[in-house]
Amino acid sequence: MRCPYCGQDDDRVIDTRPSRGGESIRRRRECLACSRRFTTYETVEEPELYVIKNDGGREPFDREKVRRGLARACEKRPVSKERLDELVAALETDLRNRLVGEVPSREIGEWLMRELAEIDEVAYVRFASVYRRFTDGSQFAEELRRLTRTRKKRRARRAKKPLREQEPPLFDLERD
Ligand SMILES: [Zn+2]
Numbered sequence: 030m031r032c033p034y035c036g037q038d039d040d041r042v043i044d045t046r047p048s049r050g051g052e053s054i055r056r057r058r059e060c061l062a063c064s065r066r067f068t069t070y071e072t073v074e075e076p077e078l079y080v081i082k083n084d085g086g087r088e089p090f091d092r093e094k095v096r097r098g099l100a101r102a103c104e105k106r107p108v109s110k111e112r113l114d115e116l117v118a119a120l121e122t123d124l125r126n127r128l129v130g131e132v133p134s135r136e137i138g139e140w141l142m143r144e145l146a147e148i149d150e151v152a153y154v155r156f157a158s159v160y161r162r163f164t165d166g167s168q169f170a171e172e173l174r175r176l177t178r179t180r181k182k183r184r185a186r187r188a189k190k191p192l193r194e195q196e197p198p199l200f201d202l203e204r205d
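When you line the sequence shown up against my numbering, it's residues 30 to 205, in that order.
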């Protein structure tokens with residue numbers, strides 16, 4: 030390790046101990062050229078997780094970016110910062126557990142929409158409208174219909190009643 034004082038790359042380790050609850054190893058070193066001491070930390074390198082964008086581009090997974098998108102959708106909604114942190118952490122855990130290293134952004138969007146639909150309807154619709162880039166009113170209406178349908182199914186499951194055959198009408202979101 031290069032000495033931060035004299036720049037020589039010759040040292041000996043004089044102390045090694047776990048740090049930050051075992052997340053890293055702290056080593057105390059002594060430069061053999063100038064005898065000054067310095068500290069280094071060693072951490073596990075997490076495998077990179079990449080997001081495949083719709084245009085085919087590839088970028089590292091950015092939890093802050095996801096967090097910002099969620100925060101925008103949840104602005105002035107009764108969703109706590111802690112809840113959003115949990116959501117982002119759960120997403121990242123899920124993505125990392127797949128051990129594939131690359132995830133299409135579409136899947137991340139769908140994952141978040143599923144969760145938001147459970148948490149806050151308004152946040153969900155906001156997120157969906159940005160995420161799906163609705164270009165006209167009919168797409169937006171379709172999204173609302175999808176949400177209503179999902180909620181009806183959920184409620185029906187909860188009530189253990191058979192599902193109704195016909196489609197729910199458009200825009201009956203207000204009555205939910
Ligand atoms: Zn030195």
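Idealized CB from N, CA, C, for every residue including glycine.
Can you name, in chain order, every residue of its own chain whose Cβ lies under 8 Å from the Cβ of R96, other than the five neighbours on each side? Counting from 1 along the sequence shown, the entry for residue 96 is found at position 67. Excluding five sequence positions before and after R96, the CB atoms of its chain that fall closer than 8 Å to its own CB belong to L113, D114, V117, given in chain order.
Taking only runs of the beta strand (DSSP E) that begin and end inside the region 119–167, which ones reach a length of at least 3 residues, in chain order? DSSP runs (the beta strand (DSSP E)) wholly in the region 119–167: 131–133.
Nearest to L99 (by Cα), restricted to the options R178, L173, L120: Reading the sequence shown from its first residue, position 70 is the one you call residue 99. Cα-wise, what sits closest to L99 is L120.
Per DSSP, which residues does Y70 bridge with? Please list them. Residue mapping note: residue 70 aligns to position 41 of the sequence shown, counting from 1. BP columns for Y70 point to R55.
Output needed for D40: all residues of its chain with C-beta closer than 7 Å, excluding positions within five of it in sequence on either side, in chain order. Translated into positions along the sequence shown, residue 40 becomes position 11. So the list reads M30, C32, R58, E59, C60, L61, once near-sequence residues are dropped.
Of all the options D38, D123, L141, S48, which has the alpha carbon lying nearest to the alpha carbon of C63? As a position in the sequence shown, residue 63 is number 34, starting the count at 1. With distances taken between Cα atoms, C63 lies closest to D38.
Cβ-Cβ separation, T179 to E152 (assumed contact under 8 Å), whole Å: To locate residue 152, count along the sequence shown from 1; it is residue 123. To locate residue 179, count along the sequence shown from 1; it is residue 150. Reading off the sequence shown, one finds Ala at residue 152, where the question assumed Glu. Not confirmed; about 15 Å, so no contact.
Looking only at its chain, what residues have a beta carbon closer than 8 Å to the beta carbon of L199, apart from the 5 residues adjacent to it on each side? One-based indexing of the sequence shown puts residue 199 at position 170. Note that L199 has pLDDT 48, beneath the 50 cutoff, so the model's placement of it is unreliable and no number is given.
Taking all protein chains shown into account, do 16 or more other C-beta atoms lie within 10 angstroms of the C-beta of A185, making it buried, or fewer, making it exposed? Residue numbering aside, residue 185 sits at position 156 when the sequence shown is read from its first letter. By the neighbour-count rule (16 or more Cβ atoms within 10 Å), A185 is not buried but exposed.
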